[in-house]
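Student: In full-length UniProt numbering, the protein residues as written are 1 to 446.
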């Protein structure tokens, strides 16, 4: 019974049964979307932490640290920094928001801004869900009983069914437990790794190790602009805030998670540096050699918990945003039915992405880069009540997003410096169109 395959099978059966159970607890569409907007501090904090530590953060940090060493600390440091910036803004997000981020944009700028964001965000977020499926598929493939493609289809199917049945009620029920399981599993693996002979040969953590030829100050700036900002303004992050019963709960939850992410970053980066030094680049491979068989099974469950927490939140949020395009009143039964249909459709599309893009960071950062260039500055301006040129907002969103995406593509497959400069330019274009009136844009839009 200590075979890790049994733990994996039990885990998948458990989450599916929990999803079905939660379905019978849902009384209103609001319960399904935001758990009745009545969640307390621990469930909101646990869900936010588990969502962030989805496979993209855990496996993404380890993947990055294998290439850049201790400089990978910046990955989750940037996430924490974004949450610290969100802390004083969380009360406004809770106060003005109802179900989705586009709803907030509509509140600040009108129907056109809501429509554009409702179209663009779910498309960008397909890459995020795809990243979770990639992560889960790599975990399952590491068991060596199933290939990557079959694992991606299996994991994606479970994610879809779990989200479809339980909605936000089941997500909040499991995420706190899952966050504990995730942190405990990572802590145990770090302790076991530190007690091996390889630990003595690891490069030391020094101030100079935070930057190197593979990760420069410019790379950090790009990470802040394309990653940190998604924790200040992000549909998945805001979906946790919307569930909080009041502004105080929302603010405290964000602060708690921002602090917790810092030690977790050290642990994950250590594991990545260790795995690289040990010659075992896949976390499943070196975890299997370090941990007892029964503990290895629990560790797999912990990783799958992380992926599940992030995937279900993102999938539900994207489906809800798209559904709002067709229904102004999301409490209607038709809107509720459409949201559940879209969960299936978007889930299948995300499985397709996972089958053709196998890099977690590549899938994640492409999606985040477009979102950052398009929506971060408009949302911050709305929350801070800054005056913008509304007639140019559409152009600001579209140009900012596409210029940022172009920069990221050049970054990945062309010249690194040129790509980074274009990403920075995207924020200049976005901000310029928002705050400086250009007659030609105004004439075209009118």
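For every residue, glycine included, the Cβ atom is placed at its ideal position computed from N, Cα and C.
My understanding is that residue 149 touches residue 19, with C-beta atoms under 8 Å, so please give their C-beta distance in whole angstroms.
Tutor: About 24 Å separates the two Cβ atoms, so there is no contact after all.
Student: Within 10 angstroms of its Cβ, does residue 236 collect 16 or more other Cβ (buried), or is it exposed?
Tutor: Classification for residue 236: buried.
Student: Threshold first: 4 residues or longer. Then list the alpha helix (DSSP H) segments lying entirely within the region 264-330, N to C.
Tutor: Counting whole runs of 4 or more residues, the region 264-330 contains the alpha helix (DSSP H) stretches 283-290 and 293-323.
Student: Mind checking who residue 212 pairs with in its DSSP beta bridge?
Tutor: Paired residue(s): 215.
Student: My assumption, with CB atoms under 8 Å, is that residue 348 sits in contact with residue 316. Please give the rounded CB distance.
Tutor: 15 Å between Cβ atoms; not a contact.
Student: Can you grab the Cα-Cα spacing for the pair residue 140 / residue 87, in whole Å?
Tutor: Rounded to the nearest angstrom, the two C-alpha atoms are 36 Å apart.
Student: Please report how far the alpha carbon of residue 179 lies from the alpha carbon of residue 437, in whole angstroms.
Tutor: Cα to Cα, the separation comes out at about 47 Å.
Student: Looking at the unbroken alpha helix (DSSP H) that takes in residue 202, where does it start and where does it end?
Tutor: Here residue 202 belongs to no alpha helix (DSSP H), and DSSP marks it neither H nor E.
Student: Just checking, does the region 159-175 make contact with the region 26-39 on the three C-beta pairs under 8 Å criterion?
Tutor: Flag = yes, the region 159-175 and the region 26-39 touch.
Student: Quick one, which of 79, 417, 70 and 273 has its alpha-carbon nearest residue 233's?
Tutor: Out of 79, 417, 70 and 273, 79 has the C-alpha closest to the C-alpha of residue 233.
Student: Rounded to a whole number of angstroms, what is the C-alpha to C-alpha distance between residue 378 and residue 303?
Tutor: Computed Cα separation, rounded: 35 Å.
Student: Between residue 15 and residue 48, what straight-line distance do the alpha-carbon atoms span, to the nearest angstrom?
Tutor: Rounded to whole angstroms, residue 15 to residue 48 spans 18 Å at the Cα level.
Student: Going by C-alpha distance, which of 294, 43, 23 and 218 is nearest residue 71?
Tutor: Taking only the C-alpha atoms, the option nearest residue 71 is 218.
Student: Here's the rule: buried if 16 or more other CB atoms are within 10 angstroms of the residue's CB, otherwise exposed. What is residue 420?
Tutor: With 16 or more other Cβ atoms within 10 Å, it is buried.
Student: Taking the alpha-carbon positions, what's the residue 106 to residue 337 distance?
Tutor: So the two alpha carbons sit approximately 23 Å from each other.
Student: Give the single residue among 100, 58 and 46 whose Cα lies nearest to the Cα of residue 323.
Tutor: Nearest option by C-alpha distance: 100.
Student: Classify residue 11 as helix, strand or coil using the three-state DSSP reduction.
Tutor: If DSSP states are grouped into helix, strand and coil, residue 11 belongs with the helices.
Student: Would you say residue 104 and residue 97 are within 8 Å of each other, going by their C-beta atoms?
Tutor: Going by C-beta atoms, residue 104 is nearer than 8 Å to residue 97.
Student: Using alpha carbons as the reference points, say which of 128, 430, 386 and 120 lies closest to residue 352.
Tutor: Among 128, 430, 386 and 120, the Cα nearest to that of residue 352 is on 128.
Student: State the beta-bridge partners of residue 39 as determined by DSSP.
Tutor: Answer by DSSP bridge pairing, in chain order: 244.
Student: On a Cα-Cα basis, can you pick out the residue from 137, 385, 372 and 414 that is closest to residue 428?
Tutor: Nearest C-alpha to residue 428: 372.
Student: Less than 8 Å between the beta carbons of residue 299 and residue 311, yes or no?
Tutor: Not a contact, by the Cβ cut-off of 8 Å.
Student: To the nearest angstrom, how far is it from the Cα of residue 92 to the Cα of residue 247?
Tutor: Distance between the alpha carbons of residue 92 and residue 247: 8 Å.
Student: Would a C-beta distance cut-off of 8 Å place residue 203 and residue 273 closer than the cut-off?
Tutor: In this structure, residue 273 lies closer than 8 Å to residue 203 by Cβ.
Student: Compute the distance between the beta-carbons of residue 228 and residue 81, then report whether it is under 8 Å.
Tutor: In contact: residue 228 and residue 81 (Cβ atoms closer than 8 Å).
Student: Within a Cβ cutoff of 6 Å, which residues of the same chain sit near residue 8, ignoring the five residues on either side of it in sequence?
Tutor: Answer for residue 8: 300, listed in chain order.
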